[in-house]
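Novice: Our numbering applies: residue 1 is where the sequence shown begins, and numbers increase by one.
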Amino acid sequence: MYKLKKLELLGFKSFADRSRLEFADGVAAVVGPNGCGKSNISDAITWVLGEQSARLLRGERMSDVIFNGTGTRPPHRHGRSQHDPDQSRIQRSRVSRRD
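(1) Distance check for Lys38 and Ala30, CA to CA, integer angstroms please.
(2) Just to confirm, is the Cβ distance from Leu10 to Arg80 under 7 angstroms?
(3) Does Asp43 pass the burial test, meaning 16 or more other C-beta atoms within 10 Å, or should it be called exposed?
(4) Can the beta-carbon of Asn34 be found less than 7 angstroms from the beta-carbon of Lys13?
(5) When the Cα atoms are used, what is the spatial distance from Leu49 to Pro85?
Written out as structure tokens, the structure reads:
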């Protein structure tokens, strides 16, 4: 069974600031109100594990996975997702850059 220990995001979709999520033993779901980024967490895990289709990450092109900015915050030039699986000390990381 695959166990996710932690997930770190920076500039990935709605995660403009560095965000670190740690998953305790027995965590089986991520819950929260509409619009808080639950689906983006799932997309980040899928992406760092190797998904290359922007459509399967709910975008039209890969640059859609990078934080696009708001009225008060500029867009990021790159997005990063990193995870640490429980069964090894090897971390996987993936970065996407804007053209």
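Where a beta carbon is used, it is the ideal one built from N, C-alpha and C, also for glycine.
All figures in this text were calculated on a predicted structure; none of them were measured in a lab.
Specialist: Let me lay it out:
(1) At residue 30 the sequence reads Val, which differs from the Ala that was named. Computed Cα separation, rounded: 6 angstroms.
(2) yes
(3) buried
(4) no
(5) 11 angstroms
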